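Novice: So for the sequence shown, the working numbering puts the first residue at 4; every next one is plus one.
Below are the structure tokens for one structure; questions will follow.
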Amino acid sequence: MLSYRRELDGLRALAVFAVMVYHANLKLFGFQLFQGGFLGVDVFFVLSGYLITGIIRNQMEQGTFSFRDFYWRRAKRIVPALLTVLLVTSGLAYLILLPDDLVVYAKSLQSALYFGSNHFFYGEDSYTAAASIYRPLLHTWSLSVEWQFYVIFPFVIWTINRFCPRYMFGILLALALISIQISSFIVKINTDMAFYLLPTRAWELILGGLVTFYNRTNIESSVKGSFAVIAYQSLPVIGLFLIVHSMIFISHHVHHPSFITLLPVLGTCLFIMFAHKGEVSSDVMSLKPVVGIGLISYSLYLWHQPIFVFFRFIKHDYFRYEQFILLVAITSCFALISYVFVEKVFRKPSIPMIGKIGLSLSIVLCIFISELFVHEKGFPNRLGALASLFDELNRNRSYKEDGVKQCSDKKFENACKFMGEGDRNLVLLGDSHAAMLSEHLYLLTKSRKWTYTNFSSSSCSGIDGYPMTGSESAAKHRCNSNIPKIANFIEKNDKKLDIIYSLRVDSRFNSDSAIKYKKVIKDKLNYWESLGHNIILIYAVPKHSDDVPKQAKKKLTTSLSVFSMAKEYKNVKIITPYKGYVEQSKHGFEVFDAVTGDGVTRIYPSEIFCSLEWCKGNSPSHLYYYDDNHLSIHGAKLLIDHINTRLPMGRM
């Protein structure tokens with residue numbers, strides 16, 4: 004039987020503290036505190052693997068193991084507190100969240116109930132994406148990974164114990180090595196898949212389980228010799244150092260989980276194996292206040308995310324220190340209450356009938372709430388006269404969203420092409436700043452019966468010699484494959500094309516390669532113009548300091564609930580300085596200005612969106628952007644209408 008170890012509760016306290024600081028995004032002198040705080044979850048994984056493997060192995064050795072009892076104990080440990088948080092969070096979500104956000108919340112609630120959150124959020128935004136800080140139940144992904152592991156792992160242990168017990172350690176080690184190898188391979192192809200799914204996370208829990216094969220009994224008496232004593236005293240310190248070092252210095256920009264994740268994982272294993280009374284790191288982790296935090300760490304983890312998220316919806320994206328302290332205090336109060344009145348009650352060997360009934364009713368109620376929120380489309384009637392406004396804010400569609408014909412990011416062979424009887428043959432080319440125009444350009448060409456081909460693709464310039472700005476392997480391969488085919492299509496085309504070209508020019512034009520990249524763009528476009536094609540250059544749209552829909556929400560959601568919102572959208576102005584736009588865009592202007600010829604037409608979005616002082620991001624009825632630099636369908640319509648008036652009349 005595994006004995007209680009105070010220092011492991013201390014380790015849980017460190018892990019949950021790191022996660023909370025990471026989610027608060029606290030900074031000191033511009034440096035994010037605990038930028039690797041997300042690795043606290045990895046510490047929890049190792050501890051969980053250690054705990055359940057120890058329980059299963061001990062009971063199997065004693066002949067008392069029961070699958071039914073194991074799953075019931077795990078359910079009692081995890082489900083009651085989780086349901087409590089889900090019910091309270093659902094009530095707050097109804098009061099605070101906007102309709103579309105409430106629908107997304109309801110779907111995440113459904114996934115949390117059947118421990119499928121990791122799969123749900125894998126299909127949503129990246130864990131490190133800006134939008135993730137507005138997901139109240141994002142943190143339940145890790146509970147889902149653990150529960151999925153609990154479902155499978157006992158059968159693995161039972162099978163090995165039944166047929167080849169002497170090879171149990173070796174088989175489990177092999178499974179862990181296979182898992183980490185899969186993780187290290189997939190993380191380079193699909194970071195989110197590696198982050199969220201069990202096959203790429205199982206190795207962390209299995210390594211925790213392997214620690215149970217290390218016999219700690221009478222270890223002190225077996226340590227002899229100066230080297231052994233030094234190692235015995237040093238290894239837990241080294242383990243704790245690896246954990247803390249990783250939490251402070253490893254950022255989310257690294258490939259994770261991968262071999263670098265071994266640092267905190269092996270650090271946790273070392274600490275579990277060698278921590279002992281009288282050793283400095285163990286004694287620090289065994290201090291009463293630290294252990295106290297560790298005891299309520301599960302409830303702290305459950306409560307902190309929804310509390311942090313709802314505060315962000317009401318006030319700020321990032322916390323000041325005093326706000327963080329306040330939120331930690333609030334979180335601790337909720338955690339202490341749920342620990343005393345929920346966790347401890349359900350940990351008892353026998354649960355009163357009223358507790359079982361309450362548990363069942365809570366599950367049914369959560370299912371009902373989630374279905375109701377989805378069915379009622381987030382209860383937009385809560386907003387009264389503001390319903391249509393927030394529908395605009397939340398349905399500020401991009402060219403990639405539902406309801407918009409998706410014709411960008413395609414292989415050359417699958418590119419969208421619409422044949423028309425009219426006298427124009429339009430080609431849309433460039434990165435996402437071209438793709439954002441795709442829907443309304445399609446509608447324009449359809450109404451005029453023009454021929455239209457869409458070669459736009461996110462992060463892809465469409466021109467050979469200009470490197471792709473994205474990092475996704477599949478997209479990069481598609482881009483590199485498309486470019487020569489697009490060039491051949493244009494250069495061998497007998498018809499005169501109207502090539503609408505747009506490209507976001509980024510910081511690479513400040514580098515030593517700037518001249519080369521500028522020349523690549525200029526030479527290719529000039530060459531196409533010399534073939535008789537029209538080149539319509541779409542200059543840079545003004546970039547705002549922050550996500551425009553988010554800015555609009557922040558200006559309106561200053562009350563504690565959607566019911567008390569009273570500001571009128573017509574008084575909200577999202578603007579950015581015109582001088583700043585000119586400065587940011589100067590390199591892009593230089594590139595396009597170098598393209599010359601009678602067939603070149605220049606489209607300046609500033610003529611639509613800017614005055615001499617400010618560039619606007621919205622109107623009294625619509626938002627013109629869906630983030631900080633891409634136009635929404637409303638902004639794109641304005642620009643397409645402007646392009647329509649400027650299309651060249653000759654050379655057709």
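The C-beta atom is built at its ideal place from N, Cα and C for all residues, glycine as well.
These figures come from a predicted structure and were not determined experimentally.
Starting from the C-beta of S341, find all residues in its chain whose C-beta is less than 6 Å away, skip the five residues before and the five after it, and write them out in chain order.
Specialist: A84, T87, S302
Novice: List the whole-angstrom C-beta distance separating Y628 from G620, where the pair is believed to meet the contact cut-off of C-beta under 8 Å.
Specialist: 5 Å
Novice: Provide the residue span of the alpha helix (DSSP H) that contains P309, from first to last.
Specialist: Residue range 300-317 is occupied by the alpha helix (DSSP H) that includes P309.
Novice: N483 and C410: beta carbons closer than 8 Å?
Specialist: no
Novice: Considering just the uninterrupted stretch of the alpha helix (DSSP H) at K640, what are its terminal residues?
Specialist: 636-649
Novice: Identify which residue in E149, V603, Q308, K589 has its Cα closest to the Cα of G211.
Specialist: E149
Novice: Span of the alpha helix (DSSP H) holding P102?
Specialist: 102-116
Novice: Is the beta carbon of F166 sitting closer than 8 Å to the one on W144?
Specialist: Cβ atoms of F166 and W144: not closer than 8 Å.
Novice: Taking just the CA atoms, how far does C613 sit from G119?
Specialist: Each residue's CA atom was taken as its position, placing G119 and C613 some 46 Å apart.
Novice: Would you list the residues sitting across from V603 in a DSSP beta bridge?
Specialist: I538
Novice: Who are N457's beta bridge partners in DSSP?
Specialist: Paired residues: C419, L431.
Novice: Start and end of the alpha helix (DSSP H) containing S335?
Specialist: Segment 324-341, the alpha helix (DSSP H) holding S335.
Novice: Should R323 be labelled buried (16 or more other beta-carbon atoms within 10 Å of its own) or exposed?
Specialist: Exposure of R323 is indicated by the presence of fewer than 16 other C-beta atoms within 10 angstroms of its C-beta.
Novice: Run the CB neighbour count on L563, radius 10 Å, all protein chains shown included, and call it buried at 16 or more, exposed below.
Specialist: Its pLDDT being 47, under 50, L563 is placed unreliably by the model, and nothing is read from it.
Novice: Please go through the stretch 227-297 and give each complete alpha helix (DSSP H) segment of 4 or more residues, from N-terminal end onward.
Specialist: 229-252, 265-277, 283-288
Novice: To the nearest angstrom, report how far apart S186 and L178 are at their CA atoms.
Specialist: 12 Å
Novice: Would you report the Cα separation of V551 and M439, rounded to the nearest angstrom?
Specialist: 15 Å
Novice: By the three-class DSSP mapping on this structure, what secondary structure does K479 have?
Specialist: helix
Novice: What are the boundary residues of the beta strand (DSSP E) that includes T92?
Specialist: First-last for T92: 70-99, but that is the alpha helix (DSSP H), not the beta strand (DSSP E).
Novice: If you check the beta carbons only, do L243 and L266 fall under 8 Å apart?
Specialist: no
Novice: Ends of the alpha helix (DSSP H) at I360?
Specialist: 356-378
Novice: If you measure between the beta carbons of L642 and L368, is that distance less than 8 Å?
Specialist: Not a contact, by the Cβ cut-off of 8 Å.
Novice: F172 and F216: beta carbons closer than 8 Å?
Specialist: yes
Novice: In three-state terms, what does DSSP make of K546?
Specialist: coil
Novice: Alpha carbon to alpha carbon, how far is P202 from Y74?
Specialist: 21 Å
Novice: Could you tell me the distance, in whole angstroms, from the CA atom of F421 to the CA atom of F492?
Specialist: 15 Å
Novice: Less than 8 Å between the CB atoms is what I'm expecting for G600 and E532, so what's the real figure, rounded?
Specialist: 4 Å
Novice: Could you give the DSSP three-state label for V407: helix, strand or coil?
Specialist: Caution applies to V407, whose pLDDT of 46 falls short of 50 and renders its modelled position unreliable; the model cannot decide the point.
Novice: Assuming the contact rule is C-beta atoms closer than 8 Å, R649 and T604 should be a hit. Round their C-beta distance to whole Å, please.
Specialist: 6 Å
Novice: Given 8 Å as the limit, is there contact between the stretch 59-69 and the stretch 282-295, that is, 3 or more CB pairs closer than that?
Specialist: Because the criterion of three Cβ pairs below 8 Å is not met, the stretch 59-69 and the stretch 282-295 do not touch.
Novice: Could you give the first and the last residue of the continuous beta strand (DSSP E) run that contains Y504?
Specialist: 501-505
Novice: Helix, strand or coil: how does DSSP classify Q35 here?
Specialist: strand
Novice: Enumerate in chain order the residues of its own chain whose CB-to-CB distance from I489 is below 8 Å, with the five nearest sequence positions on each side excluded.
Specialist: The beta carbon of I489 sits closer than 8 Å to those of F415, L432, F458, G465, all from its chain and outside the five residues before and after it, given in chain order.
Novice: Quick check: what's the CA-CA separation for F376 versus L305?
Specialist: About 22 Å.
Novice: With DSSP run on the structure shown, which of helix, strand or coil describes K619?
Specialist: strand
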